[in-house]
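One structure below.
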Amino acid sequence: MQTNILICGVGGQGIVLTSKLIAATAMANHIPVMSAETIGMAQKGGSVFSFLRLGDDLHCPMFPEKTADILIGFEPAEAVRMLPYLKDGGSVVVNTHPIMPVTAALSGSDYTGQEMIGYLRRHVEHLVMTDGDAACKALGSPKVLNMVMLGLAIRQNVIPFSLEDIDKTMRATVKPQFAELNSQALRYEG
Amino acid sequence: MGNAAIARGAMAAGLNLVCGYPGTPSTEVLETAAKANDGSLYVEWSVNEKAALELGAGAAYCGARSMVTMKQVGLNVASDPLMSLAYIGVKGGMVILVADDPGPISSQTEQDTRSFAAYSKLPCFDPSSVQEAYDMIQDAFAYSEQYHTPVLFRPTTRVCHGYASITVRDEAECLKNKPEGFVKDASKWVIFPRLSYQAHINIEARNVELQHVFSQYTRNTLTPAVAAGCRKGIATHGISSTYTAEALKGKDAPKLLKIATPFPFPEDMAVEFLQGLDEVLCIEELDPVIERELTYLCGKHHLNVNIRGKLTHDVKNAGENTCASVAADIANFMGWDTAKPQETEAPPALPVRPPVLCAGCPHRASFYAVKQAMKGKKAVFCGDIGCYTLGNAMPLDMVDTCLCMGAGVNITQGIGRIEPDTTCFAFVGDSTFFASAITGAVNAVYNQANMTLVVLDNSTTAMTGHQPHPGTGRTMMGQVVDKVSIEAVLKGVGVKTVETVNPLDLKAAIDTVQRVAAEDGVKAIIFKSPCAVLIKPEKPPVIDADKCRQCKRCITQLGCPGIVLKDGKVAIEQALCAGCGLCAQVCPFEAISEGGKD
Chain A
-17 MQTNILICGV GGQGIVLTSK LIAATAMANH IPVMSAETIG MAQKGGSVFS
33 FLRLGDDLHC PMFPEKTADI LIGFEPAEAV RMLPYLKDGG SVVVNTHPIM
83 PVTAALSGSD YTGQEMIGYL RRHVEHLVMT DGDAACKALG SPKVLNMVML
133 GLAIRQNVIP FSLEDIDKTM RATVKPQFAE LNSQALRYEG
Chain B
1065 MGNAAIARGA MAAGLNLVCG YPGTPSTEVL ETAAKANDGS LYVEWSVNEK
1115 AALELGAGAA YCGARSMVTM KQVGLNVASD PLMSLAYIGV KGGMVILVAD
1165 DPGPISSQTE QDTRSFAAYS KLPCFDPSSV QEAYDMIQDA FAYSEQYHTP
1215 VLFRPTTRVC HGYASITVRD EAECLKNKPE GFVKDASKWV IFPRLSYQAH
1265 INIEARNVEL QHVFSQYTRN TLTPAVAAGC RKGIATHGIS STYTAEALKG
1315 KDAPKLLKIA TPFPFPEDMA VEFLQGLDEV LCIEELDPVI ERELTYLCGK
1365 HHLNVNIRGK LTHDVKNAGE NTCASVAADI ANFMGWDTAK PQETEAPPAL
1415 PVRPPVLCAG CPHRASFYAV KQAMKGKKAV FCGDIGCYTL GNAMPLDMVD
1465 TCLCMGAGVN ITQGIGRIEP DTTCFAFVGD STFFASAITG AVNAVYNQAN
1515 MTLVVLDNST TAMTGHQPHP GTGRTMMGQV VDKVSIEAVL KGVGVKTVET
1565 VNPLDLKAAI DTVQRVAAED GVKAIIFKSP CAVLIKPEKP PVIDADKCRQ
1615 CKRCITQLGC PGIVLKDGKV AIEQALCAGC GLCAQVCPFE AISEGGKD
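Residue numbers (the working numbering), protein chains in the order written: chain A, -17 to 172; chain B, 1065 to 1662.
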């Protein structure tokens, strides 16, 4: 039994921590895990992705196209960019709030993410959308987007652990003063 | 992380000293060792790779187990001492960790350290996974010590930056190494032509022996074909061997050879692999090292086997392999049907997200100040390696050349010799300045060049993740020490005008550039302002909607991720803005108030 998870978005959205929490939770549950992510240039506004694999008989952390069980998209265009990795019938959870790249601001183009959402609607059977910006405003911090997305992904029952499992790892990982807020974000349902 | 596993493995092998120079994808090896250091290990970010390699050699002369870390282009800097050290040898185990970067993802070249191993005649280890990296680095120390030679250990990016749950040794099983100390022996440690001649003979004999020894090494593997009678084989290495394993899952796999020691090549095992085969596909990243070796062995042993790979265009000869590319190459080779991609709707045009200087980055202000000061003048801007290479992007467009660490200061002198009417600038970061720009400054002063050296001093090595350097006053052993002053160094080598200015004070910065660049000879400007990632952001500025005429000058001049268009109007991206105030100084209508100081 293997689970392939792809997390993608833009540098600064907390994707690396999300990936680490899933990996650490797998290890706590004695499930072998491998992962690979973009490091370095991504900090500067670039596209960021993380490949995660859970289960037995793993050879490499990267997986081929059309094999992800779930894609967690922190940004609509980034979800579309990585969509070829989703297996037929796989699930996508996506933040509908777009991030405009500097290139778009310079050329004066008005990227809104709407055409990306439209494309996802047409091509993904199990699509769950959330307005991450609204969620962060409701929770009172722009830093909890990753926990909102992770909580939503866990509730799709594709990743083999519960919110409680993730919550436990999260509390062991983040600074104590952020634990409660993160915990609320994991359970946020808009 | 693979790099953490390498550090842990080296420590389990009794590591006494680790030093290096930061470079993606190698950096986290040394950082992990520093974090896990109980005080028994000496850890140092050296000024550059050459310094690090010489330091590591000195320790190994004493019988210490030492490791030197760098990226592949760093090996070029360290190659002078390394080529000679290969002849001198070591007493304690010495591993030179060189991380290769197929792609390249964050490097100037796609050079292959396996080829460097053959050139320098040094044994080379090539791990394929995080677990193997942990185990193999311990083997590397053992071989190094047994054969009294430094050895190369070359993971690639996907091993360095891959994560996996691994099994590690119990604390009690970890080795402890007590160095004997330096034993004087001029006939051993002092290189002379006569000694080198004898050493060359010994090295060639040792490498022949290692071809046999490595044929028995358990991490070089030979796996028979699943189906009897299959006369095809696949030879691979490193991360590509894991892509191969994925591609062959559930299939009738052909005979497989996995090479963990590309040099000396395990000849006996390779010949055994070739026997009974008609065709072999070599799946490699970077150079066709295995492919050349197998082709050579076919000639040497009169074997009629068709060796295919990069040289025969069956595998692409540049860039990194992927699960998909390897699966396709294998399917072609084996004559397997491949699923035709289904026709699907093309996705909408995706926004391009090239890396850009961070919001609030002082380099943006420095480049902008020089650009403004040189408006309408014939000027050339030689860049260098670091975050500030990103100053090449529009709208700044302020990096005309970039070659390798420290090159800009000399390239600008060469341009000035041929084009005396051009105002020549060289931009260099603080860490790169210490690593390899000081000799360039001496060269310029002594040879009477006419140029302006611009040091972008953000008080850290930002690109690789904020490592300390001689200008920061911190060491990896946790000491707080006297900083080496860039200004004092420049004055010391004879640069008469050295001015330091805060680039975020735009008017002062532009005035300084105009004044200093107008002088004859070699002069320097130090733009001093800390990396935006390391300081607490100021309050974002406020745009006065009544004053803003939507000229978008702040956007089109600066290209800062902190200013965006929202519904066609200029707006501050609150989550990204660092409150540096540069946009407020650029606005011609005083519509942007500096948040912290309104």
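All C-beta atoms, glycine included, are put in the ideal place defined by N, C-alpha and C.
query                                                                                                                                                                                             : result
Look at residue 167(A) and residue 126(A) and say whether their C-beta atoms are less than 8 Å apart.                                                                                             : yes
On the DSSP letters alone, give me the boundaries of the beta strand (DSSP E) that residue 1160(B) sits inside.                                                                                   : 1158 to 1163
Mind checking residue -3(A): buried by the 16 CB within 10 Å criterion, or exposed?                                                                                                               : buried
Kindly list, in the order they appear in chain A, the residues whose Cβ is closer than 8 Å to that of residue 1072(B).                                                                            : What residue 1072(B) touches in chain A: nothing, since even the nearest Cβ is about 15 Å away.
Report back the beta-carbon spacing between residue 1619(B) and residue 1626(B) to the nearest angstrom; my notes put them in contact at under 8 Å.                                               : With 8 Å as the limit, residue 1619(B) and residue 1626(B) do not qualify as a contact, their Cβ atoms being about 10 Å apart.
Taking just the CA atoms, how far does residue 1225(B) sit from residue 190(A)?                                                                                                                   : Because chain A spans -17 through 172 in this model, residue 190(A) falls outside it and cannot be assessed.
Kindly list, in the order they appear in chain B, the residues whose Cβ is closer than 9 Å to that of residue 17(A).                                                                              : 1226, 1227 and 1228
Can you find a CB in chain A that lies within less than 8 Å of the CB of residue 1303(B)?                                                                                                         : yes
Note down, in chain order, every chain B residue with its Cβ under 9 Å from the Cβ of residue 71(A).                                                                                              : What residue 71(A) touches in chain B: nothing, since even the nearest Cβ is about 14 Å away.
In chain order, what residues of the same chain lie with their CB nearer than 7 Å to the CB of residue 1129(B), ignoring the 5 residues before and after it?                                      : 1077, 1078, 1079, 1080, 1156, 1157, 1205 and 1241
Use the C-beta contact count for residue 1683(B): other C-beta atoms within 10 angstroms, 16 or more gives buried, fewer gives exposed.                                                           : Summary: the structure shown does not reach residue 1683(B), with chain B confined to residues 1065 through 1662, and so no result is reported for it.
For residue 160(A), which of helix, strand or coil comes out of DSSP?                                                                                                                             : helix
Give the interface partners of residue 85(A) over in chain B, defined as CB-CB distance under 8 Å, in chain order.                                                                                : 1415, 1416, 1417 and 1418
Which residues in the same chain as residue 1112(B) place their Cβ atom closer than 7 Å to its Cβ, once the five residues preceding and following it in sequence are excluded?                    : 1085, 1141, 1499 and 1500
Looking only at its own chain, which residues have a Cβ that is under 7 Å from the Cβ of residue 1576(B), when we skip the five neighbours before and after it?                                   : 1563, 1565 and 1589
Roughly how many angstroms separate the alpha carbons of residue 1607(B) and residue 1424(B), rounded to a whole number?                                                                          : 17 Å
Say whether chain B places a C-beta atom closer than 8 Å to the C-beta of residue 158(A).                                                                                                         : no
Under 8 Å between beta-carbons, which chain B residues line up against residue 53(A)? List them in chain order, please.                                                                           : Chain B residues near residue 53(A): none, gap ~14 Å exceeds 8 Å.
Identify, in the order they occur along the chain, each residue of the same chain with its Cβ nearer than 6 Å to the Cβ of residue 6(A), setting aside the five sequence neighbours on each side. : 151
Relative to the alpha-carbon of residue 1251(B), which residue among 1403(B), 1103(B), 1260(B) and 1541(B) has its alpha-carbon at the smallest distance?                                         : 1260(B)
CB-CB under 8 Å to residue 9(A), same chain, minus the five flanking residues each way: which ones, in chain order?                                                                               : 15
Against residue 42(A), what residues of chain B qualify as contacts under a CB-to-CB distance less than 8 Å, listed in chain order?                                                               : 1193, 1222, 1226, 1303, 1306, 1307, 1309, 1310 and 1387
Mapping DSSP to helix, strand and coil, what is residue -14(A)?                                                                                                                                   : strand
Kindly list the residues whose CB is nearer than 8 Å to the CB of residue 1168(B), restricted to its own chain and excluding five residues on each side of it in sequence; keep chain order.      : 1174
Are there 16 or more other CB atoms within 10 angstroms of the CB of residue 64(A), so buried, or fewer, so exposed?                                                                              : buried
Hey, quick one: how far does the alpha helix (DSSP H) through residue 107(A) stretch, first residue to last?                                                                                      : No alpha helix (DSSP H) contains residue 107(A), which DSSP labels as neither H nor E.
Could you check whether residue 1147(B) and residue 1296(B) sit closer than 8 Å to each other, using their CB atoms as the reference points?                                                      : no
Strictly below 7 Å CB to CB, what residues from chain A border residue 1460(B)?                                                                                                                   : Residues of chain A passing the Cβ test: none, with the nearest at roughly 11 Å.
Taking the runs of the alpha helix (DSSP H) that are 4 residues or longer, which of them lie wholly in the region 1394 to 1452 of chain B?                                                        : 1426 to 1437
Which residue comes first and which comes last in the beta strand (DSSP E) that contains residue 54(A)?                                                                                           : 50 to 55
If you reduce the DSSP assignment to three classes, tell me which class residue 1180(B) lands in.                                                                                                 : helix
Taking 8 Å as the CB-CB cut-off, is residue 1628(B) touching chain A?                                                                                                                             : yes
What residue from 1556(B), 1196(B) and 1537(B) has the CA that sits closest to residue 1547(B)'s CA?                                                                                              : 1537(B)
By the 10 Å Cβ neighbour count, where 16 or more other Cβ atoms means buried, how is residue 1441(B) classified, buried or exposed?                                                               : exposed
For residue 92(A), decide whether its Cβ has a neighbour in chain B, counting only Cβ atoms nearer than 8 Å.                                                                                      : yes
Just tell me which of 1503(B), 1612(B) and 1419(B) has its CA closest to the CA of residue 1458(B).                                                                                               : 1419(B)
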